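Those protein sequence lines, which keep their order, are chains A and B.
Residue numbers for the first sequence, in UniProt numbering: 1 to 296.
Residue numbers for the second sequence, in UniProt numbering: 1 to 296.
Beta carbons are placed, not taken as given, at the ideal position from N, Cα and C, and that holds for glycine.
As the structure is a computational prediction, the values presented were derived from the model and not from experiment.
Please read the structure below before turning to the comments.
Protein chains: 2
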Amino acid sequence: MTLFAGLAAFSITPADASGHVDTAALARLLERICAAGAESIGLLGSTGGYAFLSRRERQRAVEAAIECVDGRIPVIVGVGALRTDEAQALARDARKAGASGLLLAPMSYTPLTDEEVLQHISAVAEAGQLPLCIYNNPSTTRFTFTDDLIVRLARLPNIAAVKMPLPAQGDVAGELARMRSRIPEGFSIGYSGDWGAADALLAGCDAWYSVVAGLMPAEAVALTRAARAGDVAEARRLDRAFQPLWNLFKEFGSFRVMYAMADLLGLVGVDPPRPILPLGKTDMARVKDALTRIAL
Amino acid sequence: MTLFAGLAAFSITPADASGHVDTAALARLLERICAAGAESIGLLGSTGGYAFLSRRERQRAVEAAIECVDGRIPVIVGVGALRTDEAQALARDARKAGASGLLLAPMSYTPLTDEEVLQHISAVAEAGQLPLCIYNNPSTTRFTFTDDLIVRLARLPNIAAVKMPLPAQGDVAGELARMRSRIPEGFSIGYSGDWGAADALLAGCDAWYSVVAGLMPAEAVALTRAARAGDVAEARRLDRAFQPLWNLFKEFGSFRVMYAMADLLGLVGVDPPRPILPLGKTDMARVKDALTRIAL
Numbered sequence: 001m002t003l004f005a006g007l008a009a010f011s012i013t014p015a016d017a018s019g020h021v022d023t024a025a026l027a028r029l030l031e032r033i034c035a036a037g038a039e040s041i042g043l044l045g046s047t048g049g050y051a052f053l054s055r056r057e058r059q060r061a062v063e064a065a066i067e068c069v070d071g072r073i074p075v076i077v078g079v080g081a082l083r084t085d086e087a088q089a090l091a092r093d094a095r096k097a098g099a100s101g102l103l104l105a106p107m108s109y110t111p112l113t114d115e116e117v118l119q120h121i122s123a124v125a126e127a128g129q130l131p132l133c134i135y136n137n138p139s140t141t142r143f144t145f146t147d148d149l150i151v152r153l154a155r156l157p158n159i160a161a162v163k164m165p166l167p168a169q170g171d172v173a174g175e176l177a178r179m180r181s182r183i184p185e186g187f188s189i190g191y192s193g194d195w196g197a198a199d200a201l202l203a204g205c206d207a208w209y210s211v212v213a214g215l216m217p218a219e220a221v222a223l224t225r226a227a228r229a230g231d232v233a234e235a236r237r238l239d240r241a242f243q244p245l246w247n248l249f250k251e252f253g254s255f256r257v258m259y260a261m262a263d264l265l266g267l268v269g270v271d272p273p274r275p276i277l278p279l280g281k282t283d284m285a286r287v288k289d290a291l292t293r294i295a296l
Numbered sequence: 001m002t003l004f005a006g007l008a009a010f011s012i013t014p015a016d017a018s019g020h021v022d023t024a025a026l027a028r029l030l031e032r033i034c035a036a037g038a039e040s041i042g043l044l045g046s047t048g049g050y051a052f053l054s055r056r057e058r059q060r061a062v063e064a065a066i067e068c069v070d071g072r073i074p075v076i077v078g079v080g081a082l083r084t085d086e087a088q089a090l091a092r093d094a095r096k097a098g099a100s101g102l103l104l105a106p107m108s109y110t111p112l113t114d115e116e117v118l119q120h121i122s123a124v125a126e127a128g129q130l131p132l133c134i135y136n137n138p139s140t141t142r143f144t145f146t147d148d149l150i151v152r153l154a155r156l157p158n159i160a161a162v163k164m165p166l167p168a169q170g171d172v173a174g175e176l177a178r179m180r181s182r183i184p185e186g187f188s189i190g191y192s193g194d195w196g197a198a199d200a201l202l203a204g205c206d207a208w209y210s211v212v213a214g215l216m217p218a219e220a221v222a223l224t225r226a227a228r229a230g231d232v233a234e235a236r237r238l239d240r241a242f243q244p245l246w247n248l249f250k251e252f253g254s255f256r257v258m259y260a261m262a263d264l265l266g267l268v269g270v271d272p273p274r275p276i277l278p279l280g281k282t283d284m285a286r287v288k289d290a291l292t293r294i295a296l
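Put into structure tokens, the structure is as follows:
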């Protein structure tokens, strides 16, 4: 298992007000991720605003990413959709375009049952014919995975990993031990929630699905390497530097803050997709201040 | 205010496995609603599976509905979408096709702020140029409206009504009094949650946004008329007959049960959109049993 291991850097997907992806700007962001030495790119995740983009624009983004990355690191593509057939089509699109893996959240409008999520994910995994990471993200999907459901999914073909939210009680080591005792060998368990990444990596998780790495890949690579090498002091030091930014992620949602960061870092000046509003001036100043604390 | 008053009957939108709407089957369902004497049709609400249909199929459904209903009663069309520009386009489509009103839920992937919902709804209301009902449905959107936000929205052009979920404490009369003291005269407050409809109507709400009325319009009209006439005994009697069905709505979600009902009533035999699964045989038998209790 190397695909879902180490640092997966999730990029925003720059687009204009009507949802047309700026592929040149996207390529610039991905180039920085490759150069920094991240293990993989997470394209069209929640940070990539997949839910706000049409199938055609998502395909354009994947094609541009594959061309830019040119085989240097794997590209993992989010293929979530409200309809199963649509998610299957997106999975086939991603594979044809050259994606290495898929990421699938059980997006929902009508709240889904466990059996519906099981059938949805297995149908997409079968259509995609690529290693798939279950995207367990209750804050956007409002679906809560039980251990039992993850264990059932982990035994199915092509389902290779799970991206977990930070446990409510904070005990990543306990959760890892509990889940690893039940899942097949080689099944990857990684975490999102950047503010808990240092803890999760130090506890021995397989991957950090990182939002901040989409725009600050060098700093996220440094934190990942320190933690995976067991250098607790250095990992904690780097994590502390991120702390003001983590607080803003929690306060505004990382999606909004990332657009502000892209602008402040001079990388790309686009707004998030409406109805999501850009941060106001006062809040932008706070983001700017947080960024100055993270110089490597 | 007559548009958002009385019984609004929400239809399912029969479609094949790839989301192509069966307009003939839809027209058959709407014909029954008109014949039964409902005050309006709710098209492409949550029950109508709007979130699972493409813009083109939603347009086909609206056009078929307008042609079938032929001005007999108003058609209120759900125009929710994750992107503001998409919801605006749907609102313009609905108006051009001849809809009388719009229904808009703040669908979300990234959880929305109050300000984002305010701007989203006002932008769609402006684009649609039709009376719009705010669709307050936390169970599907996971967005919770405050009184303050509803009051702010109620003062904006074209925003004419709100469709409320049943209050957690069950006190509809108290909620109506509290909200009516703050909203403009003529602004309509209606309720969804069929199991609380008798109470809500008896408490003097303006409208019942009814799921069951989409398939059993005559029975829902009878309940509405009894309650609005203040005939408590008759309203309670009709409500009691529905009780086993209400319990199934709560257990399985009304969306799944309505597809079972459409089949059992011999009206249309289609499955809900995947990932939503049809009810199994044992559960279908329970729905069948519940239906036998509701003979007028």
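Quiz item: Per DSSP, which one or two residues make a beta bridge with G6 (chain A)?
Solution: A:A207
Quiz item: What is the DSSP secondary structure of G49 (chain A), counted as helix, strand or coil?
Solution: coil
Quiz item: Mind checking whether N158 (chain A) and L112 (chain A) have CB atoms under 8 Å apart?
Solution: At a Cβ-Cβ threshold of 8 Å, N158 (chain A) and L112 (chain A) do not count as neighbours.
Quiz item: Closest by CA to L156 (chain B), which one among B:F187, B:E234, B:M179 and B:T140?
Solution: B:F187
Quiz prompt | Complete alpha helix (DSSP H) runs within the segment 125-211 of chain A (minimum length 4 residues, chain order) | solution = 138-141, 147-154, 172-180 and 197-202
Quiz item: Within this structure, are the beta carbons of C133 (chain B) and I76 (chain B) separated by less than 8 Å?
Solution: Taking 8 Å as the Cβ cut-off, C133 (chain B) and I76 (chain B) qualify as a contacting pair.
Practice problem: Using a Cβ-Cβ cut-off of less than 7 Å, give me the residues of the segment 70-88 of chain B that come near chain A, in sequence order. | Solution: Look at the segment 70-88 of chain B: the residues with a C-beta under 7 Å from a C-beta of chain A are L82, R83, T84 and D85.
Quiz prompt | CB contact check: Y109 (chain A) to chain B, cutoff 8 Å | solution = yes
Exercise. Classify L238 (chain A) as helix, strand or coil using the three-state DSSP reduction.
Key: helix
Quiz item: Are the C-beta of L176 (chain A) and some C-beta of chain B separated by less than 8 Å?
Solution: no
Quiz item: If you measure beta-carbon to beta-carbon, which residues of the segment 153-175 of chain A are closer than 9 Å to chain B?
Solution: none
Practice problem: Can you check DSSP and say which residues form a bridge with G19 (chain A)? | Solution: Residue pairing by DSSP places G19 (chain A) in no beta bridge whatsoever.
Practice problem: Taking L112 (chain B) as part of the alpha helix (DSSP H), name the residues at either end of that continuous run. | Solution: Here L112 (chain B) belongs to no alpha helix (DSSP H), and DSSP marks it neither H nor E.
Exercise. Give the straight-line distance between the Cα atoms of G174 (chain B) and S254 (chain A), rounded to the nearest whole angstrom.
Key: One Cα belongs to G174 (chain B), the other to S254 (chain A), and the distance between them is close to 39 Å.
Practice problem: Taking H20 (chain B) as the query, report the chain A residues whose CB atoms sit under 9 Å from its CB, ordered along the chain. | Solution: Near H20 (chain B) there are no residues of chain A at all, since even the closest Cβ is about 11 Å away, more than 9 Å.
Quiz prompt | Nearest-angstrom Cα separation, counted from V212 (chain A) out to F242 (chain A) | solution = 9 Å
Quiz prompt | Same chain, Cβ closer than 7 Å to C68 (chain A), five either side skipped, listed in chain order | solution = Around C68 (chain A): A27, L30 and E31.
Quiz item: Skipping 5 residues on each side, what residues in its chain have a beta carbon closer than 8 Å to that of A94 (chain B)?
Solution: V62, V77, V79, L102, G128 and L130
Exercise. Assign V268 (chain A) to one of three DSSP states: helix, strand, or coil.
Key: coil
Exercise. State the CB to CB distance for the pair F10 (chain B) and G214 (chain B), rounded to an integer number of angstroms; the pair is presumed to be in contact (CB under 8 Å).
Key: About 5 Å separates the two Cβ atoms, so the contact holds.
Quiz item: Mind checking R240 (chain B): buried by the 16 CB within 10 Å criterion, or exposed?
Solution: exposed
Quiz item: Should T13 (chain B) be flagged as near chain A, meaning a C-beta pair shorter than 8 Å?
Solution: no
Quiz item: Apart from the five residues just before and just after M1 (chain A), which ones in its own chain have a Cβ nearer than 8 Å to its Cβ?
Solution: In this predicted model, M1 (chain A) has a pLDDT of only 49, less than 50, meaning its place in the structure is not dependable enough to derive any value.
Quiz item: Along chain B, which residues have their Cβ under 9 Å away from the Cβ of G253 (chain A)?
Solution: T110, P111 and T113
Exercise. Determine, using beta carbons only, whether P273 (chain A) comes closer than 8 Å to chain B.
Key: yes
Quiz item: Along chain B, which residues have their Cβ under 9 Å away from the Cβ of E116 (chain A)?
Solution: R274, P275, I276 and L277
Quiz prompt | Residues in the segment 54-68 of chain B having any Cβ partner in chain A nearer than 7 Å | solution = none
Self-check item: Counted within 10 angstroms of its Cβ, other Cβ atoms place S192 (chain B) as buried (16 or more) or exposed
Solution: buried
Quiz item: What residues are listed by DSSP as bridge partners for G101 (chain A)?
Solution: Listed as beta-bridge partners of G101 (chain A) by DSSP are A:I76.
Self-check item: Reduced DSSP category for I12 (chain A) - H, G, I as helix; E, B as strand; rest coil
Solution: coil
Quiz item: Under a CB-based cut-off of 8 Å, is Q119 (chain B) close to chain A?
Solution: yes
Quiz item: Does any C-beta atom of chain B lie closer than 8 Å to the C-beta of T140 (chain A)?
Solution: yes
Quiz prompt | Under 8 Å between C-beta atoms of P278 (chain B) and Y259 (chain B) | solution = yes
Exercise. Determine the DSSP secondary structure at M1 (chain A), reduced to helix, strand or coil.
Key: Residue placement at M1 (chain A) is poorly supported in this model, since its pLDDT is 49, which falls under 50; the coordinates still yield a value, given next. Residue state, collapsed to three classes: coil.
Practice problem: Return the residue from the list B:A290, B:L238 and B:A24 that minimises the CA-CA distance to T282 (chain B). | Solution: B:A290
Quiz item: Would you call the CB atoms of L7 (chain B) and E57 (chain B) closer than 8 Å?
Solution: no
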